[in-house]
Structure formats: structure tokens, C-alpha cells
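A.B. asks:
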Amino acid sequence: MAGPFLSIQEFNTLVVKDNSEDAEDPTPISKTPSPSIVALLPNLPALPESSASEQTSDSDSESNYPIATTMSTTSLPHGLVYPAGAYPYIPKTPESKIMPLLLLKYQHIVEDHTAGLYHPPADGKALLKAVKASFNQNMAISCFATSLANSLSNKTFIEFVDLMRKQFLEKDWDTKLCLEIREMKMQNNKCFRDWLQPMLSKNYCLQGIKLHFNNSLLIENVDTNICPVLQDIINEKPDKVKKKDWETYWKCMDGIDKTCHKKMENAKKVNQKELLEQHQELNVL
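Okay, structure coming up:
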């Protein structure tokens with residue numbers, strides 16, 4: 012997972028502190044999500060892949076097609092467009108619809124596309140120049156890039172994505188997202204996995220940012236917000252929950268939750284059966 016993580020004390024201090032609008036976050040966004048949470052992320056589709064027979068060995072080709080994109084234009088569920096032989100781009104999305112997840116996925120897919128090129132751009136600045144032509148697909152992004160004028164030539168692709176975050180996302184979006192995660196209380200009738208997935212989705216959007224929850228903070232946050240029924244079970248038998256790592260932890264919690272719901276369903280069936288028998292006895296009388 013990219014970037015340094017804060018201690019719990021530092022984290023709590025940062026959450027309630029107003030972010031400066033001009034503050035620079037030196038930590039780059041990680042390209043790859045933590046393997047431990049991939050299984051629980053929302054529908055974040057993998058990049059389309061071509062078969063080996065579709066790959067070309069002509070290193071002098073002017074088209075510079077990527078290995079992974081020898082197919083027609085693909086519209087991805089999170090709002091990006093992935094044309095054959097060209098860089099992915101954000102289509103005619105209204106400025107108000109440019110959200111943290113969209114920008115993060117845009118960054119990741121452009122990086123993955125670049126990794127598949129026979130002749131990738133030499134560095135981040137060259138990459139920004141390469142993707143610049145696709146900005147005209149979105150009026151808001153095109154106007155923003157134009158407003159930067161000559162200063163854009165000194166920026167890398169990652170720096171430009173960070174500038175888009177400052178331009179299009181609401182102020183303190185990361186702090187607000189972090190607070191949403193911390194205030195996600197689980198209800199007794201809620202499935203643990205269904206409750207956990209939105210939390211991980213929000214945390215995924217904080218990748219590479221100091222407010223991102225590392226494994227220890229995630230475990231602490233889940234412990235704090237689980238429903239009273241699960242909390243009582245854990246308090247009675249704390250040895251049932253293993254906290255040596257995040258994957259082991261959430262699987263333990265998921266198993267306890269499933270067992271708990273199964274017992275509740277069985278108890279409900281028994282109660283219904285007893286009520287039916289009582290009703291039948293009253294009818295006989």
C-alpha cells in the first residue's frame with residue numbers, strides 16, 4: 012500500500028483538522044490496491060486483454076498500439092472510455108459528476124495502458140503530453156488544461172490528476188470521506204459483508220492520501236462500529252477473532268456474522284412453529 016501511514020493518534024488529529032486548500036500531498040497515488048481488499052471492492056473491472064495472437068512484433072509501427080488494447084472502443088462501468096490503440100479518457104461527464112473514484116480509476120487505467128505500450132512515454136511529463144490530446148473529449152477538463160497554459164508543460168501526469176482533484180472535487184473531500192467511514196454504524200439486521208463493502212470502497216478512494224485507513228485502522232474502525240449483537244459475541248469469546256492481519260480478521264468477522272444470522276433465522280422459525288401450534292390448540296378449544 013503506497014505512502015507512509017499515520018499512527019492512530021496522528022490520524023485522529025488529522026481528521027478533525029481543516030485541510031489547507033494550497034497544501035501539497037507529496038505521497039503519490041498507488042497504482043495497485045492492497046491485495047487484501049481486492050476481493051471486497053465494488054465492481055471495478057479489470058482491463059480488457061488481448062490474446063497473444065493479437066500482439067504485433069513490429070517495433071517500428073507508428074501506431075504504437077498497446078498490447079492490451081487491440082479492440083474497439085470500450086465504455087467502462089465507472090464512466091471511462093477505453094478506445095482501441097489510444098489512451099483512456101473521461102468522456103463528456105458533467106463537472107459535478109467528476110468524483111474521487113473516477114479520477115483514481117482514470118489514473119490507474121492510463122498507467123496500465125502505458126505499461127502495455129511497446130514504446131511508452133519516457134517519463135511522467137511525456138505521458139501528460141501523450142494524453143493531452145484526449146482532453147478535448149471533456150469540455151471541463153479541456154478548459155481547465157487550457158487555463159494552466161504553459162505551466163502544464165512542467166507537470167507530470169500524476170501532478171495533473173492531483174490538480175484535477177483540487178479543481179473538480181469539493182474542498183476537504185478526503186476529510187469528509189474519512190469521517191463518513193468512521194461514522195458507518197452497522198445495524199443488527201445488516202449483513203457484515205454488505206456493510207463492510209461500502210466502507211472499503213470509500214477507503215479505496217483515499218489511496219495514497221494520509222487519511223487512508225491502513226489495516227490496523229480498518230480493524231479498529233470495524234471494531235468500533237459493528238452492531239451490538241456481534242459486539243456481544245466478541246466480548247464473550249474474544250479468542251474467536253484473530254487480528255494478526257486484515258484478511259484473517261474480516262474473514263473471522265464474516266464467519267461469526269453468518270453463524271449469528273443462521274441462529275437468528277432458526278430461532279425465528281422455531282418461534283413461528285410454536286405460535287402456529289398455539290394457534291391450532293386454541294382453534295381446537
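Numbering of the sequence shown is given in my numbering, commencing with residue 12 and proceeding in unit increments.
Just so it is clear, CB atoms sit at the ideal spot from N, CA and C, and this is done for glycine as well.
Bear in mind the structure is a predicted one, so any value in this text is a computation, not a measurement.
#1: Please state whether DSSP places VAL121 in a helix, a strand or coil.
#2: For LYS196, collect the residues of the same chain with a Cβ closer than 6 Å to its Cβ; drop the 5 residues on either side in sequence, then sort them by chain order.
#3: Give me the Cα-Cα distance between PHE171 and PRO132, rounded to the nearest whole angstrom.
#4: If contacts are defined as beta-carbon pairs under 8 Å, then LYS254 and ILE230 qualify, I think. What distance do you get, rounded to the angstrom?
#5: To the nearest angstrom, report how far apart GLU276 and ILE152 are at their CA atoms.
#6: Measure the C-alpha to C-alpha separation of CYS154 and LEU241 and round it to an integer number of angstroms.
#7: Leaving out the 5 sequence neighbours to the left and right, which residues in its chain are closer than 7 Å to GLN198 when beta-carbon positions are compared?
#8: Given a cut-off of 8 Å on the beta-carbon distance, is the pair VAL121 and PHE168 in contact?
#9: If you compare alpha carbons, which of ARG204, TRP261, ALA141 is closest to LEU163?
#10: In three-state terms, what does DSSP make of VAL240?
#11: Does DSSP put VAL252 in a helix, a strand or coil?
#12: Rounded C-beta distance between CYS263 and LYS274? I'm assuming under 8 Å.
#13: Tell me which residue opens and which closes the alpha helix (DSSP H) that GLN198 is part of.
#14: Given this structure, state the Cα-to-Cα distance separating GLU258 from THR157, to the nearest angstrom.
#15: State the DSSP-derived secondary structure class of TYR98, mapped to helix, strand or coil.
C.D. replies: Looking at the coordinates:
#1: VAL121 falls in the helix class under three-state DSSP.
#2: ASN236
#3: C-alpha separation (whole angstroms): 16 Å.
#4: 6 Å
#5: 52 Å
#6: 51 Å
#7: Counting only Cβ-Cβ distances below 7 Å, and skipping sequence neighbours, we find CYS238.
#8: The answer is yes: Cβ separation under 8 Å.
#9: ALA141
#10: helix
#11: In the three-state reduction of the DSSP assignment, VAL252 falls in the coil class, being assigned neither a helical nor a strand state.
#12: Actually they do not touch by this definition, with Cβ atoms about 17 Å apart.
#13: Element bounds for GLN198: n/a, residue is neither H nor E.
#14: 45 Å
#15: coil
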